[in-house]
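Below is one structure, written out as structure tokens, with a few remarks after it.
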Amino acid sequence: MEAVKNIPMPSELKITPQAPVPPRRSRARALFAPELVGPAIKEAFLMLRPDVQWRNPVMFVVEISAVLTFLFVIQAALSQSASQVPITYFIALDFWLWLTVLFANFATALAEARGRAQTESLRKTRKDTPAYRLKGKDIIEEVSSADLKPGDRVAVEAGQIIPGDGEIIEGLASVDESAITGESAPVIRESGGDRSGVTGGTRVLSDRIIVKITAATGESFLDRMIALVEGAVRQRTPNEIALSLVLTAFTLIFLIVVVPLWPMSLNAEIYMMGYLGITEPLKSLGTDVPTLVALLVCLIPTTIGALLAAIGIAGMDRALQANILAKSGKAVETAGDIDVVLLDKTGTITMGNRHATDFLPVGKYTAAQLGRLAALASIADETPEGKTIVKLQFDRGGTPADVTAPNGAAFVAFSAQTRMSGIDLPDGRQIRKGAPEAIIRFVERLGGTVPAQLESTVEAIGSQGATPLAVADGADIVGVVVLSDILKTGISERLERLRRMGVRSVMITGDNPLTAATIAKKAGVDDFVAQCTPEAKLAYIRKEQADGKLVAMIGDGTNDAPALAQADVGLAMNSGTQAAKEAGNMVDLDSNPTKLLEVVEIGKQLLMTRGALTTFSIANDVAKYFAIVPALFAGTLPWLKVMDVMHLHSPTSAILSAVIFNAIVIPLLIPVALRGVRYRPLGADALLRRNLLVWGLGGVILPFAGIKLIDMIMVAAHLIS
Amino acid sequence: MSRYFSKSFLLFLFVIPIICIIYPSVLWVIGQVFFPFQANGSIVNGPDGKPVGSLLIAQPFTKDEYFQPRPSAASYDASASAPSNLSASNYALRDRVARSLGPIVVYSDGPKKGQQVAPDIEAWFQQDKFGGQPHIVAQWDDAHNELAQGWVSADPTHGAYVDDWTKKHPNEVSKWKKDNPGTPDPKAADLAVLFFETFSKDNPGKFPSAVSHQSADGKPVTAIEPVNQGSDIQSIFFDMWRQEHADAPLQDVPADMVMASGSGLDPHISLQNAEYQLGRISQKWASDTKRDPKQVRSEIEQMVEADAWAPFGGLAGEKFVNVLQLNLTLRNKYGQPQ
Amino acid sequence: MLHLWLLPAALIVAAVLVSIPLSKFAVWIMEGRYRPLPGFGWIERKIDSGPQDWKQYTAALLIFNVILFVWGYVVLALQPIMPLNPRQLGMLAPTTIFNSVASFMTNTNLQDYSGDVHFSNFSQIFFTISNQYISAAVGFCALAAIIRAFRGEKKVGNFFIDMWRVLIYMFVPAAILSGVLFIQQGMPMTFKSTIQVATLEPGAMGTDDKGVAKEQTIVFGPVAAMIPIKQIGTNGGGFFGANSAHPYENPSAWTNFITCFDMMMFPFTLVLMFGRMLRKMRHAIVIYGVMLTLMIGMIAWSIYFELKPNPGLTAHPPSVTYKIPSATAKGGFRELTIPQVAGLPIEQHLGNLEGKELRFGTVAGPTFAALTTAVTCGAVNCAHDSLNPLTGLSPMVGMWLNCVFGGKGVGMINLLLFLIIGVFIAGQMVGRSPEYLGRKVGAREVKLAVIALLVHPLMILGPTGLFAATSWGTKAEFNPAAHGFSEVMYQFSSASANNGSGFEGLGDTWGFNANPTPAPTSRQLDIAAGLVMLFSRYLPIVAPIAMAAFLGMKKEAPYGLGTMRDDTMTFYWLLLGTIVIIGALLFLPVAFLGPVADHLGPMPFGG
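Chains as they are written, first to last, in the numbering used here: chain A, 63 to 783; chain B, 319 to 656; chain C, 110 to 716.
Set out below in structure tokens:
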């Protein structure tokens, strides 16, 4: 028999963090943070190297165009031949073409810099810390964390930093993981079970734990994840590849449109010479190569071409900001396609454990009596349920005396045979709590009677999805404690949000179907799997996938690993076991199971941003045609001026305005590319309508205003004759 | 692969007889048995019982007694149908239309209401001034090089006339050769522009045109001579006259009278067009048959009314008449035109 | 004037109404649920080579077309020694034969010859009619294969059986029915070749050297056998040079109506067949709606502008002066004054009548022009070259888009290309990897769609540029300036769209091999257009079949709230927008240089 311990109430659990690690909330840094912009500008110039540009066919074409125009500038400067346009026009054209390339490079460089900054700040947590390695039984030696090898056991006391990734093999502690997660509330980590994993760099706030190191320094899981993230930034995802193909196709299409314009303009020049009755060749902008090059650059989808890489990097970056390490960009992208999410009931939909919510006495007993007895029976019960019984009694006006075991009392621990726990009081009373069947058996063995009321009470509780816990005082049944699942705050709203995105949520639980159904209904999930085993989970995922659906799931346990691997998006909790983290394709540093929603949103946002900017880029071309084509033929077919609906100042200013608009729109859209188009949980149809209006129709209209504005500014500033 | 070749051949073997022999034969039998008139080309016979043409194919009529069909870009050649293909921007279209208008247009208002403009065109032409500058023909030649060339190649006699001129003007020709080194041996058409330029200066107020004379032996002889009146002047210079008389009130001519059809074989003219021609036709028949013009007119009017027809009860368009049908009726009723 | 819109409205209503049951019938036939006619079952067993996957199907299709090419070339080359040739017509120029064979096997029917002048009845039957049947069925079969591939079937049917079904159970009955109606209305159906008539007014045709009045030679033949399949198969190659403007080829307003209806019938039907076979009727109806919208727009556009008088004959006040920038002229500008023009006294209330026949009714010309190019038929019932400048834009747009119902099968296939691009870009906008028919559209599908899509502008703009800048094109232009440019551009648009209509002023006819004075650059035009037709036919058939097959192999995901729906108004706007914007981006410059410049420029243009 153990000595009675004084267990601190949960509400009393006080933690005073020593030297708090500054939380990493600074991750959402300003878009154009000066420390990033400077290097990005430098990088933009370095990226002008053709072998770098080559990877982006659209911008490569722009670069070639800029070089070509430069050659024409030189030629124009050297030759004295009369041209209808001044050389300054060519110089201005070339300047803006180069600027277009630089803007594109800058967008990519900035996104990369932000991504690097993100991983850098993660790495900062990897500095050396002293470690106290256990040698043999009790000898402790101080070593550097860098010297730790997998398998080493280290002791970490309150206030110390955990020197490496590992598993708690002994003890329980509250740990401040804000260094990784940015979440300042401490978390409990304990040996055994699914919450035994700790990460190097986090700080123990209370208690003392023994940690078995699982990864050598620099090879820790986080290290490898960061390396993966950095690699993923450079990889192109399937959708991105397909989109680049489309953009290349559009580039080719406009090459096909623009190149024949030269002979076609020549045709017009020839017949106009006949019409005017002159023999000297007409020279219109239609046969002016730099101008045609400018037209080509304006038409090819430079806007999206310039921002495509940045959008992809920013997507990963946003995942990082949400404290999710995605092992590949593809995983983030796939997240957007998810049709079904599997959510563990416990911890995701409901608070981790059941709470005692009511005392329902039977027979002659009162609720107060039941409460006191139930609390008494739970004093030594360290299960969360037990603790909430004590807490409930406290909340209901119980005194500390109620929950203090009298001297000489003996605790009866839960055993699988009896399925009860309780306390034997010095006066010989046996207080037991347990499943109603077990208690009934206990009471009947002692010769007591079961009150008729009990059955109905138990049934009523069961039908509400709660769990009954019967309490007996010797041969008398005192009543039933209601243990209910408490829904996490805001979970219904989040699930509703998922539903509006078109994602079906499925609750996974070990509960019986009745309980599961009730919770499912309360929380608002679309489906549930009750009495679920890991195998059932895997089977469920396979079944959904066979229907063509993409499935996401969250897991933390080793037995979740197969399902995590099978799922299209497997989000492993950082607190989970190594096996789970290896199996999934994302790790949530916050170990927050509802994070899956954010992942889905980030994935959708990534795709939406690409789609929106592509649409915008292509829709822009309509206005550019109306600016440039009349300008091209001002020298041959002046009557086409009617098509110049913007009434631009002159042919050269029209072309320059279009080129400038085309260039300027890139930096202006960098914020959209980096932050992503705002995602709203609407149905696909509503979303499409919205985005088509904003980016499609807007993309058609905006450049008319923009080009006109640039033209007016140039005229006002006397930049154009 | 070779299997696909053999199957392809087999498919050909089965399909070709069906679609190239059986299918046309079925239609041929149906056509010849049930609709022999249509199936054989809608051919109608003339007063002498011999086929005079197809009701569906336009044929030319030049005599004033007959309704005249729409202009034909195919010259009514029913073995080579063709539209003019002239675009609105092509001056050749305007020129062609203007030429057919000149001799027929009348004033619609003013003191000369109802009178033809043709005499006025001639009088204006004889003054030889256009746009304040002398020499109408030279200006015409300068503005429309291709028309000048077209005139030269239109008829062998025109070419001969220019060749004749060439021999008389060696100086101009040698100068032209110097200016056009690419054409050392110019043909008549090449020299057309030059020809009209000098012609205009040598013959102010005149244009070369075919004139018939009675020769010594009594036979009619046609030769090109400078003239200051006649159909050439009325037609060729109507458009220029019009430019100087833009405000002259002229009666509009039904469009189908001067605009060519798509096949060159359109057998119909609009009712409006038929009515426009009615006056000329009834007058002519009245004088031919020496009957009361009014009565003839009303007879023909009735004929036209009876023949006029609009598809889909007029929902798709306006009434039109079949030219051959009408003329055949006229011929049957009034006999041979004089 | 409102009643004038009844004809196009009635046509569209009729085509829509018939396409509904006809699409059911087409599905019944293509799915093989019918019982073969007596004796035909044996033939089907003979030609059946078993179920084919997409590669085998495509191979069979291409091999069959190779044989079709040889067949056509042989028939035409042997014209002088074949029967049914009382006029003893000689052999056509080899390049013309190449052009014509390519033209007819690709369902283009661009004619660089003139049927009444150059073809014997033997050639008309065994070359023209056979090609018009067969080439039309090829596109139909390709669509059937694509649909089956979309359904996820590995075996996409048997090409030979499909051909047989389309030809025998659909085209032949429809053609016989139309043929009988046509004969009743006056279309000749005889195996004779010509008839001579002495005109009512002797000598009106002119006189020969001896002063004898010339007779009128009227060419006819088995016209009523050819015209039905010419229209039903959206072929468009006419028996006569003037095509459907010829009174024998289109004798009345009724035949004009049926002619129009015939060419619309199958293109309309196939969209619904697509929906029925995929069990995606609502999706098909949205596509149908997009096509109808574009078609109505094009018809309305052309009627609106064609009811205006011919601008070459009207007044143009007042004079306008343009300043053209010039480095050599004084002050940096050269002045160009367009003189004022006085109108000719013509009553043009029926619109521009140049090149139109009276018997079809007032708006039949522009309606036909818009229809024939939309459904890639290419028959014409008026002279497109003489259409008002902006009216001419409507048929051009029809050919540029090439998917407003389009030819049998290929129109629908072309639309799928726009659709895939639209779905790919917009699909991302709903935050999901783009999918079509529940299947993810990946890089490979996009690549194939894009290749097929690129062919069309490349084949139009490339040769147009080449010919416009060189004497190959300028020497062939019949009309001046921008309109002459339009002629060249129209020619290649028509060739690439496998349409076949033309701005026929373009001098592209060599004629008989023995012709001493062929059009100067007809050889270049023959070969260039022939190659364009071949490229633009087979690549856009093969690539989409492959695309459909790859897409069909993918797992099909069910529709959900998060999936972009393909049967809503939103999708309608998306598809319409994609087609209009991509079409505009590709062809706005040439539209400016051709019809728009023609319309805005001086009228008439020079002398």
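Beta carbons are placed, not taken as given, at the ideal position from N, Cα and C, and that holds for glycine. Every value quoted in this text rests on a predicted model; they were computed, and no experiment measured them.
Looking at residue i: is its Cβ nearer than 8 angstroms to the Cβ of residue j?
i, j, result
"Ile782 (chain A)", "His711 (chain A)", "yes"
"Gly671 (chain C)", "Met563 (chain A)", "yes"
"Asp650 (chain A)", "Met635 (chain A)", "yes"
"Ser494 (chain C)", "Gly614 (chain C)", "Going by the sequence as given, residue 494 (chain C) is Asp instead of Ser. It is a contact, given that the beta carbons lie within the stated cut-off."
"Leu288 (chain A)", "Leu184 (chain A)", "A small correction: the amino acid at residue 288 (chain A) is Ile; Leu does not occupy that position in the sequence shown. Yes."
"Met335 (chain C)", "Ile238 (chain C)", "yes"
Can you tell me where the beta strand (DSSP E) with residue i in it begins and where it stops?
i, result
"Thr540 (chain B)", "Pro538 to Val545"
"His586 (chain B)", "His586 to Ser588"
"Asn640 (chain B)", "Phe638 to Asn640"
"Ile202 (chain A)", "Ile201 to Ser206"
"Glu444 (chain C)", "Phe442 to Ile447"
"Asp544 (chain A)", "Looking at the sequence itself, residue 544 (chain A) is Val, so the reference to Asp does not match. Asp538 to Leu549 is the extent of the beta strand (DSSP E) around Val544 (chain A)."
Taking the alpha carbon of residue i as the point to measure from, which residue in the options has its own alpha carbon closest?
i, options, result
"Leu467 (chain C)", "B:Arg615, B:Ser579 and B:Pro611", "B:Ser579"
"Ala211 (chain C)", "C:Arg257, C:Leu510, C:Thr299 and C:Gly346", "C:Gly346"
"Gln294 (chain C)", "C:Ser361, C:Gly248, C:Phe477 and C:Pro282", "C:Ser361"
"Pro437 (chain B)", "B:Leu465, B:Phe556, B:Thr475 and B:Ser320", "B:Phe556"
"Val505 (chain A)", "A:Ala532, A:Ala537 and A:Glu517", "A:Ala537"
"Ala689 (chain A)", "A:Gly226, A:Leu354 and A:Leu314", "A:Leu354"
"Ala251 (chain C)", "C:Met678, C:Arg674 and C:Lys164", "C:Lys164"
"Lys495 (chain A)", "A:Asp622, A:Gln526, A:Gln479 and A:Val540", "A:Val540"
"Asn118 (chain A)", "A:Ile303, A:Gly760 and A:Tyr337", "A:Ile303"
"Phe527 (chain C)", "C:Tyr413, C:Asn267, C:Ile396 and C:Thr485", "C:Ile396"
Of all the CB atoms in chain B, is at least one closer than 8 angstroms to the CB of residue i?
i, result
"Glu466 (chain C)", "yes"
"Asp707 (chain C)", "yes"
"Lys155 (chain C)", "yes"
Hey, is residue i's beta-carbon within less than 8 angstroms of any beta-carbon in chain C?
i, result
"Tyr652 (chain B)", "no"
"His586 (chain B)", "yes"
"Lys611 (chain A)", "yes"
"Leu465 (chain B)", "yes"
"Arg560 (chain B)", "yes"
"Pro300 (chain A)", "yes"
"Ile554 (chain B)", "no"
Give a yes or no on whether the minimum CB-CB distance between residue i and chain A is below 8 angstroms.
i, result
"Arg674 (chain C)", "yes"
"Met139 (chain C)", "no"
Between which two residues does the alpha helix (DSSP H) containing residue i stretch?
i, result
"Asn753 (chain A)", "Ala746 to Asn753"
"Thr475 (chain B)", "Pro474 to Lys486"
### Task
Starting from the N-terminal side, write out each stretch of the beta strand (DSSP E) that is 3 residues or longer and does not extend beyond the region 187 to 273 of chain C.
Within the region 187 to 273 of chain C, complete beta strand (DSSP E) segments of at least 3 residues are not found at all.
### Query
Enumerated in chain order, which unbroken segments of the alpha helix (DSSP H) with a length of 4 residues or greater are wholly contained in the region 82 to 141 of chain A?
DSSP runs (the alpha helix (DSSP H)) wholly in the region 82 to 141 of chain A: 96 to 108, 112 to 115 and 119 to 140.
#### Entry: beta strand (DSSP E) runs wholly inside the region 477 to 541 of chain A, at least 3 long, in chain order
Whole beta strand (DSSP E) segments, 3+ residues: 482 to 486, 492 to 496 and 529 to 535.
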